[in-house]
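Take a look at the structure below.
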Amino acid sequence: VLAIADAEQAEGQPGGYGNGGTCPAAPPCPAATSRRYAYVGASDFHPEWGDRPPLDLVEHELGHTLGLVHSGYDPTAAQPYTSVLDVMSNSAAPRDTQPGRRDAPGTLAIQRVIAGWFDLAALEVAPESGTTVTLAPSAGTEGVRVLVLPVDDLSFLTVELLPATGLDAHLPHGGGVAVHLVALGADGIAITPLAGAPADSLLAEGATWRGYGWRVSVAAGWRITAEPAGA
Numbered sequence: 034v035l036a037i038a039d040a041e042q043a044e045g046q047p048g049g050y051g052n053g054g055t056c057p058a059a060p061p062c063p064a065a066t067s068r069r070y071a072y073v074g075a076s077d078f079h080p081e082w083g084d085r086p087p088l089d090l091v092e093h094e095l096g097h098t099l100g101l102v103h104s105g106y107d108p109t110a111a112q113p114y115t116s117v118l119d120v121m122s123n124s125a126a127p128r129d130t131q132p133g134r135r136d137a138p139g140t141l142a143i144q145r146v147i148a149g150w151f152d153l154a155a156l157e158v159a160p161e162s163g164t165t166v167t168l169a170p171s172a173g174t175e176g177v178r179v180l181v182l183p184v185d186d187l188s189f190l191t192v193e194l195l196p197a198t199g200l201d202a203h204l205p206h207g208g209g210v211a212v213h214l215v216a217l218g219a220d221g222i223a224i225t226p227l228a229g230a231p232a233d234s235l236l237a238e239g240a241t242w243r244g245y246g247w248r249v250s251v252a253a254g255w256r257i258t259a260e261p262a263g264a
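Next up, the structure:
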């Protein structure tokens with residue numbers, strides 16, 4: 034169910050809410066069972082938008098109905114959505130550099146795994162000793178599209194290539210490699226950008242990133258070497 038209010042979420046501000054509800058252990062899971070829904074206030078449908086209202090907030094809230102979670106989210110910040118890399122963070126970010134945009138950024142690989150949209154054959158988990166892979170674009174259809182680096186029993190890093198094309202055309206410098214920490218805690222799944230927020234910190238060819246016991250090096254052709262930081 035998608036509801037669009039005839040009043041603003043808050044005065045002069047967009048806003049909404051989405052909930053995936055509760056599904057049985059096995060499908061099917063109709064909305065009548067789960068009670069999943071999405072709601073947006075009227076700000077995004079203000080007459081000033083004309084016949085091209087923005088859809089990024091609708092896309093964000095519909096993501097919640099599919100079980101997707103926030104990424105790059107700091108509830109204590111004035112702007113709690115800190116990342117321009119994911120529809121489930123700052124969904125309006127593309128308009129900062131492309132005012133004509135009406136849709137959100139793309140969807141991170143881990144979000145597509147959560148939704149069941151990601152071919153797990155395109156995911157490679159590095160052994161403790163490290164590995165070297167050539168990354169294909171995260172939103173593509175071929176090759177290794179995300180590298181997973183284990184951290185501990187409840188967390189891991191994801192490494193993916195986000196070229197500045199399609200829904201990610203707003204990314205600076207042609208895009209690059211993003212690193213996220215994915216952690217399971219009492220409040221569910223937390224997805225924190227480590228390389229890529231701000232967007233100009235995406236890793237370019239020749240760059241190296243270190244953290245959480247790993248060193249990630251990016252060579253020409255998006256060849257990624259991940260090895261223990263102490264190696």
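Note that my numbering has the sequence shown beginning at 34, numbered continuously upward. For glycine and all other residues, C-beta sits at the position ideal for the given N, C-alpha and C.
Cα separation between valine 192 and glutamate 175?
As a first step, residue 192 must be located in the sequence shown, where it is residue number 159. As a first step, residue 175 must be located in the sequence shown, where it is residue number 142. Cα to Cα, the separation comes out at about 16 Å.
Answer yes if the region 179-195 comes into contact with the region 120-132, meaning at least three C-beta pairs across the two stretches below 8 Å, and no otherwise.
They do not touch, by the three-pair rule.
Pull up the distance between the alpha-carbon of alanine 230 and that of aspartate 119, whole angstroms please.
The residue labelled residue 230 in the question sits at position 197 within the sequence shown. The residue labelled residue 119 in the question sits at position 86 within the sequence shown. Cα to Cα, the separation comes out at about 11 Å.
Is the region 109-118 touching the region 179-189, taking contact as three or more C-beta pairs under 8 Å?
These segments do not touch.
Could you give the DSSP three-state label for valine 91: helix, strand or coil?
For the purposes of this step, residue 91 is taken as the residue at position 58 of the sequence shown. Helix at valine 91.
Under a Cβ-count criterion, where at least 16 other Cβ atoms within 10 Å of its own Cβ denotes burial, should proline 138 be classed as buried or exposed?
Mapped onto the sequence shown, residue 138 falls at position 105. Answer is buried; the Cβ neighbour count reaches 16.
In or out: tyrosine 114 buried (at least 16 other Cβ within 10 Å) or exposed?
Numbered from its first residue, the sequence shown carries residue 114 at position 81. Its Cβ being crowded by 16 or more others within 10 Å, tyrosine 114 is buried.
By the three-class DSSP mapping on this structure, what secondary structure does threonine 98 have?
The residue labelled residue 98 in the question sits at position 65 within the sequence shown. If DSSP states are grouped into helix, strand and coil, threonine 98 belongs with the helices.
Would you tell me roughly how many angstroms separate the C-alpha atoms of serine 104 and alanine 142, rounded to the nearest one?
Taking the sequence shown and counting its residues from 1, one reaches residue 104 at position 71. Taking the sequence shown and counting its residues from 1, one reaches residue 142 at position 109. Those two C-alpha atoms are separated by around 12 Å.
So what does DSSP say about valine 146, is it helix, strand or coil?
The residue labelled residue 146 in the question sits at position 113 within the sequence shown. Valine 146 falls in the helix class under three-state DSSP.
For leucine 200, which three-state DSSP category applies?
Numbered from 1 along the sequence shown, position 167 holds the residue referred to as residue 200. Note: leucine 200 maps to helix in three-state DSSP.
Hey, proline 261 and glycine 246 are a contact pair by Cβ (cut 8 Å); roughly how many whole angstroms apart?
Taking the first residue of the sequence shown as position 1, residue 261 is located at position 228. Taking the first residue of the sequence shown as position 1, residue 246 is located at position 213. 6 Å between Cβ atoms; contact.
Does histidine 213 come out as helix, strand or coil in the three-state DSSP assignment?
As a first step, residue 213 is located in the sequence shown; it is residue number 180 there, counting from the start. Three-state result, histidine 213: strand.
Histidine 97 and asparagine 52 - do their beta-carbons sit closer together than 9 Å?
Position 19 of the sequence shown, counting from 1, holds the residue named residue 52. Position 64 of the sequence shown, counting from 1, holds the residue named residue 97. In contact: asparagine 52 and histidine 97 (Cβ atoms closer than 9 Å).
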